[in-house]
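Novice: In this note's numbering, the protein residues as written are 56 to 150. Sending over a structure as structure tokens; questions will come in a sec.
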């Protein structure tokens with residue numbers, strides 16, 4: 056049964072030659088490859104962290120809204136843990 060989810064992903068843009076749009080679309084492609092159907096992508100921009108986390112002072116926040124089966128979210132989390140540009144990820148069910 057497909058449900059609607061919201062995924063907040065913080066991208067590490069330091070040391071990459073790709074543009075932010077390329078990184079956002081690469082993560083979107085990974086979501087779709089795991090079986091998610093993307094509805095909307097909202098780029099929230101770069102924000103500073105309150106404290107330096109793993110030598111980072113900030114990251115680019117992106118909100119992905121998608122439909123997926125319940126087991127797909129755990130597959131997405133596992134896959135994005137291997138992606139060096141993904142600094143942080145959080146998911147919540149919308150409906």
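Think of the CB as a built atom: it goes at the ideal place given N, C-alpha and C, for glycine as much as any other residue.
#1: For residue 87, count the other beta carbons within 10 Å of its own beta carbon; 16 or more makes it buried, fewer makes it exposed. Which is it?
#2: Would you give the residue range spanned by the alpha helix (DSSP H) that residue 110 belongs to?
#3: In whole angstroms, what separates the C-alpha of residue 101 from that of residue 136?
#4: The alpha helix (DSSP H) with residue 136 in it runs from where to where?
#5: Tell me the rounded alpha-carbon separation between residue 99 and residue 113.
#6: In whole angstroms, what is the alpha-carbon distance linking residue 76 and residue 68?
#7: Let me know the secondary structure DSSP gives residue 84 once reduced to three states.
#8: Would you mind working out which of 116, 149, 124, 148 sits nearest residue 82, comparing C-alpha positions?
#9: What residue does the beta strand (DSSP E) around residue 70 start on, and which one ends it?
Specialist: Taking the definition as stated:
#1: As a first step, residue 87 must be located in the chain shown, where it is residue number 32. Residue 87 is exposed by the Cβ-count criterion.
#2: If you number the chain shown from 1, residue 110 lands on position 55. Element bounds for residue 110: n/a, residue is neither H nor E.
#3: For the purposes of this step, residue 101 is taken as the residue at position 46 of the chain shown. For the purposes of this step, residue 136 is taken as the residue at position 81 of the chain shown. So the two alpha carbons sit approximately 20 Å from each other.
#4: Here residue 136 corresponds to residue number 81 of the chain shown, with the count starting at 1. Start and end: 125 to 136.
#5: For this step, residue 99 is matched to residue 44 along the chain shown. For this step, residue 113 is matched to residue 58 along the chain shown. Whole-angstrom Cα-Cα distance: 13 Å.
#6: As a first step, residue 76 is located in the chain shown; it is residue number 21 there, counting from the start. As a first step, residue 68 is located in the chain shown; it is residue number 13 there, counting from the start. Those two C-alpha atoms are separated by around 11 Å.
#7: Against the chain shown, residue 84 aligns to sequence position 29. Here residue 84 sits in helix by DSSP.
#8: Here the question's residue 82 lines up with position 27 in the chain shown. Here the closest residue by C-alpha is 116.
#9: Locating residue 70 in the chain shown gives position 15, where the first residue counts as 1. Neither: residue 70 is in no beta strand (DSSP E) and is coded neither H nor E.
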